[in-house]
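Residue numbers in the sequence shown follow numbering that gives the first Met the number 0, run continuously in steps of one, and reach 251 at the last position. Okay, so here's the structure we're looking at.
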Amino acid sequence: MADHQRIHPVQDPEAVAPQTPTAPLVPRGSSLSDKGDPTEQYPPFRRTIPYAPLKPPPRRSCWRKCFCWTIFLLLLLILILGILAAIIYFVFQPKIPKYSVDAMRITEFNLGNDNSLSAAFNVNITARNPNKKIGIYYEGGSHLSVWYTGTKLCEGSLPKFYQGHRNTTLLNLTLTGQTRDANGLLESLQAQQQTGNIPLRLRAKVPVRLKLGKLKLMKWKFLVRCRLAVDTLSTDNVIRIRDNNCKFRFRL
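Written out as structure tokens, the structure is:
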């Protein structure tokens, strides 16, 4: 019995050998789809945040800065003035000057043909400076006046002089004036004279300079208001002053 010939498969040498893939079938950064196919994404998916521009910080306006600086300078000035006032008060111990009307004499008080009233008063005023370390320079440009119920009867001024420490100065002043259409005024004065109490007002505005030690300060104004009551306004008669009350204040 003949032997059966066995046939073994032989690989064809001309056949191309299958190449082993070197690159991955699914690229990096890709994922498989529901169907199994790779879904490529180039570039890889990244979650982005929408850009919102930053708001610039609020800037102070120019007027606000100027207002703040003005307030600061005012407060600083008030502080400096307060310190200076405290130094002056404790070092020099300032006291208010005192004034009084001591005597009054009328040299002219006549009603003219044109119903104008001419008046001339001689007034004696005492000015006292009670300060130990403060002198007073009385400057030019002062103004004094005598009034009756809102009508100015006469006016004048103080002389220029220096009043030293703790000094008392007696001033003899002449005040003159003329009032138009004074017929009704004279009748009112004559009726008031019957009572023996005629109210008068003396007003004084005097520019002065204070001397602290050797330092001469800026110019101030002394304002003096005196309330007087006299018994008569007859010419060349002795006038008795029943009330004499003077108030003082000063300003720049």
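A virtual CB, placed ideally from N, CA and C, is assigned to each residue, including glycine.
Straight-line CA distance for residue 81 to residue 128?
24 Å
CB of residue 233 within 8 Å of CB of residue 177, strictly:
no
Between residue 218 and residue 206, which are expected to be in contact by the criterion C-beta below 8 Å, what is the C-beta distance as a whole number of angstroms?
5 Å
Based on DSSP bridge pairs, tell me the residues matched to residue 103.
122
Evaluate the contact criterion for the segment 158-172 versus the segment 232-250: three or more CB pairs, one atom per stretch, below 8 Å.
no
Helix, strand or coil for residue 199, going by three-state DSSP, please let me know.
strand
With C-beta atoms as the reference, is residue 227 less than 8 Å away from residue 201?
yes
Reference residue 139; option with closest CA among 195, 220, 95:
220
Considering Cα atoms alone, identify which of 100, 210, 90, 152 is closest to residue 108.
152
DSSP three-state assignment for residue 75, whether helix, strand or coil:
helix
With H, G and I counted as helix, E and B as strand and the rest as coil, what does DSSP make of residue 243?
strand
Could you check where the beta strand (DSSP E) with residue 166 kicks off and where it finishes?
166-178
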